[in-house]
Each structure stands twice: as C-alpha cells, then as structure tokens.
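Visitor: Before I ask anything, let me first share the structure, which is written out below as structure tokens.
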Amino acid sequence: MGMKTDKKLIVNGKRLDGRKPNEMREIEMKIGVIPNANGSAQVRFGKTVAIAGVYGPRALFPKHRQKADTAIIRCRYNMAPFSVDDRAYPGPSRRSIEISKVTRLALEPSLFLEEYPEAVVDVYIEILQADGSTRVTGINAASLALADAGVPMRDLIVAVSGGKIDDTIVLDLCGKEDNYSEADVPIAFMPRKKIITLLQMDGQLTSKEIKTIIKEQIKAGEKIYEKQKEALNKKYGK
Amino acid sequence: MEEVREIVIPGELLGDAKEKRAGYGTFIEDGKIISKFLGLPKDSNDYLSVIPLSGVYIPRKEDKVIGFITDVEKAGWLVDINSPWQAFLPLSEGVDEFIDFKRTDISQFFDAGDVIYAQVGDTKRGDVQLTMRTPVARKLKGGVTIKITPSKVPRLIGKEGSMINTVKEKTGTIIRVGQNGVVWVSGEKIEKAIKAIKMIDEKAHIIGLTDEITKLLSD
Numbered sequence: 001m002g003m004k005t006d007k008k009l010i011v012n013g014k015r016l017d018g019r020k021p022n023e024m025r026e027i028e029m030k031i032g033v034i035p036n037a038n039g040s041a042q043v044r045f046g047k048t049v050a051i052a053g054v055y056g057p058r059a060l061f062p063k064h065r066q067k068a069d070t071a072i073i074r075c076r077y078n079m080a081p082f083s084v085d086d087r088a089y090p091g092p093s094r095r096s097i098e099i100s101k102v103t104r105l106a107l108e109p110s111l112f113l114e115e116y117p118e119a120v121v122d123v124y125i126e127i128l129q130a131d132g133s134t135r136v137t138g139i140n141a142a143s144l145a146l147a148d149a150g151v152p153m154r155d156l157i158v159a160v161s162g163g164k165i166d167d168t169i170v171l172d173l174c175g176k177e178d179n180y181s182e183a184d185v186p187i188a189f190m191p192r193k194k195i196i197t198l199l200q201m202d203g204q205l206t207s208k209e210i211k212t213i214i215k216e217q218i219k220a221g222e223k224i225y226e227k228q229k230e231a232l233n234k235k236y237g238k
Numbered sequence: 239m240e241e242v243r244e245i246v247i248p249g250e251l252l253g254d255a256k257e258k259r260a261g262y263g264t265f266i267e268d269g270k271i272i273s274k275f276l277g278l279p280k281d282s283n284d285y286l287s288v289i290p291l292s293g294v295y296i297p298r299k300e301d302k303v304i305g306f307i308t309d310v311e312k313a314g315w316l317v318d319i320n321s322p323w324q325a326f327l328p329l330s331e332g333v334d335e336f337i338d339f340k341r342t343d344i345s346q347f348f349d350a351g352d353v354i355y356a357q358v359g360d361t362k363r364g365d366v367q368l369t370m371r372t373p374v375a376r377k378l379k380g381g382v383t384i385k386i387t388p389s390k391v392p393r394l395i396g397k398e399g400s401m402i403n404t405v406k407e408k409t410g411t412i413i414r415v416g417q418n419g420v421v422w423v424s425g426e427k428i429e430k431a432i433k434a435i436k437m438i439d440e441k442a443h444i445i446g447l448t449d450e451i452t453k454l455l456s457d
C-alpha cells in the first residue's frame, strides 16, 4: 500500500504472476515441524512461508500476569531478518507488535482457555520468507499448530487476504501487488459458523466493494479449510 | 500403508445432541455435538466423545501420577507432575508418622530430584494436592523415566493391562505408568521396553498395534 507505479498490475485479466483476480497462490501445509514444541505447523502461500510453534498450556510467570479463571494467550509475530529483500532489523517493530496483537485477537475466540486457569498458551509465528499476505499465512499456521498441540478449540481459523488493484477486486496479494495496491483487506474467520475474528482495511474502498471482498474471501477460505483438514489428517497417515 | 482409525478435527460435527450426550472432548452448539480436539472419535451407547491425540495433562482426583520433587518447603514438597500446574505434597500426606517440622529436616524423606508415584488428592483450579496415603504410592528408586502423550496412557496400558503386561513380560522390566504421561522403567532390557513404549505413543491410532508390539519385542 502507498507506493505508486505507472505499470499496469493487471493485463488482459491476468495478474503479475499470471493468476486470475480471484485465484489463490499454491498452498502447502505441514504439521509437526518443530519436535520440541507441543504443536507446530508450516504454511506456504506461493513464496510466503510462515512457521508457527505452540507451547503449552504451561505455567505462567510472573505470577501477577496469571488470570484466576482462565488461561491467557501470548502471541509473537516475527519476521526473520532474511525474509525480505533488504535485511529486516531483528527484534520487535511497531508493525510486528501490531500484527502480534491482531493475531492474538484472531485466535482467542476459538479457544477454550477457561479450561486452563492460571496457565498460558504461547504462540510463536516466524516469517521465513515474505511475499505479501504474511499475517494471514501466520494465522493459518498458528491455527494448525494449536490443533496439533491439543488445545481445545471451537473451530479452526482460516485467514485470507484480499484487496483492490487497478480497480479490480483480488484475493491473496503477493508482495508487489501489496506495495502498489489501492486497498488491502486481511480477514480471518471460523469456517463452521462464519464468525469473522480479524478484519482490517488499509486504503480506500466503498461499502459495496468491501462486501464483495469479504464474500469472495469466505468462498476462497473454504478451500483453505479443506487444505487444513487434509494436512491434519495426513499427520496421522490418512 | 497401515490401517488407521478415523480421525476428527476441531470443529467437526459429530452428531445430534438430542440422540446422544456430549462426552469428553466435545461441546454442544445449536443442538449439535462438536469436537474440541484433533483426535479419535468414540461412540458409546450414551455418549459421543473424542480422545485427543495430543495435549497436556489435566489433573483429576484419584489419578495416579509420577512426579518429580522440585523443591522442599517448610511443611511439604513442590512436585512437577508434567501439567500446567505445580502440585504440592503436604508433609502430613507424604509421611505416615507424626513429624514436628520445626525440629526435623524433611528433606530426609523426599529431596529435590526424587521421583515419586503418588495419587492426586484435591484439585481446585490450578491448585493440585498430592497424597502418598495409598497402598501403591512410593518413592521410585533408580530406573529411567520417559514422557509420552498423557491422552495415550490408556492405550499404553491396554484392555485390563494387556499391552503393558506384554511389554513387562517380554523385556523383564518393572514399569509404572502415571496418568500424567510419565512412565518409569526399571529392570533388564530397559532400552527395548522404552523403544516399545515410544512406538505405542507414536502409533496409538493404528489398528493392530498389539501384534506389531509383540513382533517388535520377540525379535
């Protein structure tokens, strides 16, 4: 978002990487990639790769952060220094702190945290390779890692990014499209009841446009949900 | 390819709440029973339940667990029971005779690093009490402890102890299994027994596991 270009991003109805406007990139999901974590997953959307590890529920210290009636969830989104073209300065930044928070809020409604009073569930998301839509890739990985860790959940969380480039509604933006887009809308939702847990918008859209984007995203999310199911079943040899 | 059991994922529909009751690992939403875990569905006559394939141990009253003493307090011991909460073994529950803790150093009974086989007493939201006042409770001396997924402990034990007895007999070991997923092994062929236990942990969802274990142990 924000940058301007004279180049057309959509030529003859095809995007920079030859996709149709509502076509997703290639998706790959792997479960159980970190042996020391309680649950872990790696998700790849095209060239964007995110790895998530879940530790816990485990004891929470310092004690004053414990909640007497429920567990809390701590979330860290981090971009590896080598994940982008110019080296990313290591450590938390304004952007990564914000994304950590929205990720936490996106995951929280799905979990039965009240079953683990005084405990904490730690979710660590590392972006190994960034090419747009990193936060939704991270949320998809975190959702699978939570299921793998055996944390009780109401539903898996599915996240899809969308936006507007060259006055066209598109799904799953890649890095370049993200930089030159007119608007950028990541959403996360629980597929069974279609409860939206994350909805952000950067840029300008009419109310009609945002409604179409959300509809398209939920439609595409069903496919991601199928992939998640497949990945979880695959770990146990099915 | 090995034959595996059916697997459900979190949020998967299991059945109608009017016909069956919601058992462990499930919840009711809009009159439907839905799974909470990634696990194996179980359909008994009254209940629909899900056995999770992973997860931490939640202490329940009267569970027998294996714990590691982490610290000696004034009138009791702090015990790590492989769960999100620390357990406490009070002096009166740990030792049979009367002890005046003002005059005695209680680390002579249990000290940090000791392994105990104890029973869970009262549990109240993050506060877990242990007791040794049960015939099977004891200090475990020597041996090796390993950790498995707590939800797979029933699979390791088998129907009326069939699985664990096979391992014990074939390897000539003494094995104690805590409900919290800690397994203590002592005896002759420890390495072989551990190999078998780890295999049961990894392949709990496979049909015909008992035969595979028997084969592994008779080699």
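Going down the list, the sequences are from chains G and E.
My numbering puts the first sequence at residues 1 to 238.
My numbering puts the second sequence at residues 239 to 457.
Even glycine gets a Cβ: it sits at the ideal position worked out from N, Cα and C.
#1: Between which two residues does the beta strand (DSSP E) carrying residue 286 of chain E extend?
#2: Residue 243 of chain E by DSSP, collapsed to three states: which one?
#3: Taking Cβ-Cβ distances shorter than 7 Å, what residues in chain E pair up with residue 112 of chain G?
#4: Let me make sure I understand the geometry here. Which of G/142, G/78, G/8 and G/125 has the alpha-carbon closest to that of residue 239 of chain G?
#5: Name, please, each residue of chain E whose Cβ falls closer than 8 Å to the Cβ of residue 232 of chain G.
#6: Smallest Cα separation from residue 254 of chain E: which of E/384, E/267, E/246 and E/364?
#7: Mind reading off the beta-carbon distance from residue 428 of chain E to residue 411 of chain E? Whole number of angstroms is fine, and I expect it under 8 Å.
#8: Which residue comes first and which comes last in the beta strand (DSSP E) that contains residue 76 of chain G?
#9: When you compare each of G/83, G/149 and G/147 to residue 130 of chain G by their alpha carbons, which one comes out closest?
#10: Quick check: the Cα distance between residue 239 of chain E and residue 444 of chain E, rounded to an integer number of angstroms?
#11: Using a Cβ-Cβ cutoff of less than 8 Å, which residues in the same chain neighbour residue 286 of chain E once the five nearest sequence positions on both sides are dropped?
#12: What alpha helix (DSSP H) runs, 4 residues minimum, are completely inside the segment 93 to 165 of chain G?
#13: Give every residue of the same chain whose Cβ lies closer than 7 Å to the Cβ of residue 115 of chain G, excluding the five residues on either side of it in the sequence, and list them in chain order.
#14: Under the three-state reduction of DSSP, which class applies to residue 455 of chain E: helix, strand or coil?
#15: The ligand FMN and residue 33 of chain G: does any heavy atom of the ligand fall closer than 7 Å to the residue's C-beta?
#16: Taking Cβ positions, are residue 186 of chain G and residue 135 of chain G nearer each other than 8 Å?
#17: In terms of DSSP beta bridges, what is residue 414 of chain E paired with?
#18: Name, please, each residue of chain G whose Cβ falls closer than 8 Å to the Cβ of residue 279 of chain E.
#19: Could you tell me which residues DSSP pairs with residue 376 of chain E in its beta bridges?
#20: Cβ of residue 242 of chain E less than 8 Å from any chain G Cβ?
#21: Against chain G, does residue 294 of chain E count as a neighbour if the rule is that its beta carbon must be under 8 Å from one of theirs?
#22: Rounded to whole angstroms, what's the CA-CA distance from residue 366 of chain E to residue 150 of chain G? Just pull it up for me.
#23: Is it buried or exposed for residue 62 of chain G, if we count other Cβ within 10 angstroms and need 16 for buried?
#24: Would you check if the distance between the CB atom of residue 30 of chain G and the CB atom of residue 231 of chain G is smaller than 8 Å?
#25: Using CA coordinates, which residue listed in G/79, G/101 and G/120 is at the minimum distance from residue 91 of chain G?
#26: Taking Cβ to Cβ, would you say residue 106 of chain G is nearer than 8 Å to residue 139 of chain G?
#27: Which chain E residues sit within Cβ distance under 9 Å of residue 38 of chain G?
#28: Could you round the C-beta distance between residue 21 of chain G and residue 168 of chain G to whole angstroms and report it? I think they count as a contact, below 8 Å.
#29: Where does residue 30 of chain G sit, in a helix, a strand or coil, going by DSSP?
#30: Specify, as a first and last residue, the run of the alpha helix (DSSP H) that residue 393 of chain E falls within.
Guide: Taking the coordinates as given:
#1: Numbered from its first residue, the second sequence carries residue 286 of chain E at position 48. It spans 285 to 290 - the beta strand (DSSP E) in which residue 286 of chain E sits, taken as one unbroken run.
#2: For the purposes of this step, residue 243 of chain E is taken as residue 5 along the second sequence, with counting starting at 1. Looking at residue 243 of chain E - three-state DSSP - the assignment turns out to be coil, as it is neither helix nor strand.
#3: Taking the first sequence and counting its residues from 1, the one referred to as residue 112 of chain G is at position 112. Those within 7 Å of residue 112 of chain G in chain E are 274.
#4: Nothing about residue 239 of chain G can be reported from this structure: the residues present for chain G run from 1 to 238 only.
#5: Numbered from its first residue, the first sequence carries residue 232 of chain G at position 232. What residue 232 of chain G touches in chain E: 245, 247 and 276.
#6: Stepping through the second sequence from its first residue, residue 254 of chain E is reached at position 16. Ranking E/384, E/267, E/246 and E/364 by Cα distance to residue 254 of chain E puts E/267 first.
#7: Indexing the second sequence from 1 puts residue 428 of chain E at position 190. Indexing the second sequence from 1 puts residue 411 of chain E at position 173. Yes, they are in contact, since the Cβ atoms of residue 428 of chain E and residue 411 of chain E sit about 6 Å apart, within 8 Å.
#8: In the first sequence, counting from the first residue as 1, residue 76 of chain G sits at position 76. Note, residue 76 of chain G: beta strand (DSSP E), 72 to 79.
#9: Translated into the one-based positions of the first sequence, residue 130 of chain G becomes position 130. Cα-wise, what sits closest to residue 130 of chain G is G/83.
#10: For this step, residue 239 of chain E is matched to residue 1 along the second sequence. For this step, residue 444 of chain E is matched to residue 206 along the second sequence. Reliability of the predicted coordinates at residue 239 of chain E is poor, the pLDDT of 48 falling under 50, and the value obtained from them is presented with this limitation in mind. Using only the alpha carbons, I get a separation of about 10 Å.
#11: As a first step, residue 286 of chain E is located in the second sequence; it is residue number 48 there, counting from the start. Hits under 8 Å: 252, 253, 258, 259, 260, 261, 264, 271, 279 and 280.
#12: 94 to 107 and 134 to 149
#13: Walking along the first sequence from the start, residue 115 of chain G turns up at place 115. Excluding sequence neighbours, residue 115 of chain G sits near 152.
#14: Along the second sequence, one-based indexing puts residue 455 of chain E at 217. Note: residue 455 of chain E maps to helix in three-state DSSP.
#15: Only the bare structure without any ligand can be found here, which leaves the ligand FMN out of the picture.
#16: As a first step, residue 186 of chain G must be located in the first sequence, where it is residue number 186. As a first step, residue 135 of chain G must be located in the first sequence, where it is residue number 135. Taking 8 Å as the Cβ cut-off, residue 186 of chain G and residue 135 of chain G qualify as a contacting pair.
#17: Residue numbering aside, residue 414 of chain E sits at position 176 when the second sequence is read from its first letter. For residue 414 of chain E, which the question treats as bridged, DSSP gives the partners E/422.
#18: Along the second sequence, one-based indexing puts residue 279 of chain E at 41. Neighbours of residue 279 of chain E on chain G: none; closest Cβ ~13 Å, over 8 Å.
#19: Working through the second sequence from its first residue, we reach residue 376 of chain E at position 138. Residue 376 of chain E is bridged to E/355.
#20: Within the second sequence, the letter at position 4 stands for residue 242 of chain E. Yes, residue 242 of chain E lies at the interface with chain G (some Cβ there is under 8 Å from its Cβ).
#21: Sequence index remark: in the second sequence, residue 294 of chain E carries index 56 (1-based). Yes, its Cβ sits closer than 8 Å to a Cβ of chain G.
#22: In the second sequence, the residue the question calls residue 366 of chain E occupies position 128. In the first sequence, the residue the question calls residue 150 of chain G occupies position 150. Answer to the nearest angstrom: the Cα atoms are 21 Å apart.
#23: Against the first sequence, residue 62 of chain G aligns to sequence position 62. The residue in question, residue 62 of chain G, is exposed, as its Cβ has fewer than 16 Cβ neighbours within 10 Å.
#24: The count along the first sequence starts at 1 and reaches residue 30 of chain G at position 30. The count along the first sequence starts at 1 and reaches residue 231 of chain G at position 231. Contact: yes.
#25: Looking up residue 91 of chain G in the first sequence gives position 91. Measuring from the Cα of residue 91 of chain G, the nearest candidate turns out to be G/79.
#26: Counted from its first residue, the first sequence places residue 106 of chain G at position 106. Counted from its first residue, the first sequence places residue 139 of chain G at position 139. The answer is yes: Cβ separation under 8 Å.
#27: Counting from 1 along the first sequence, the entry for residue 38 of chain G is found at position 38. Result: 292, 293 and 294.
#28: For this step, residue 21 of chain G is matched to residue 21 along the first sequence. For this step, residue 168 of chain G is matched to residue 168 along the first sequence. With a Cβ gap of about 5 Å, residue 21 of chain G and residue 168 of chain G count as contacting.
#29: Indexing the first sequence from 1 puts residue 30 of chain G at position 30. Residue 30 of chain G: strand per DSSP, three-state reduction.
#30: Walking along the second sequence from the start, residue 393 of chain E turns up at place 155. 391 to 395 is the span of the alpha helix (DSSP H), which, as asked, contains residue 393 of chain E.
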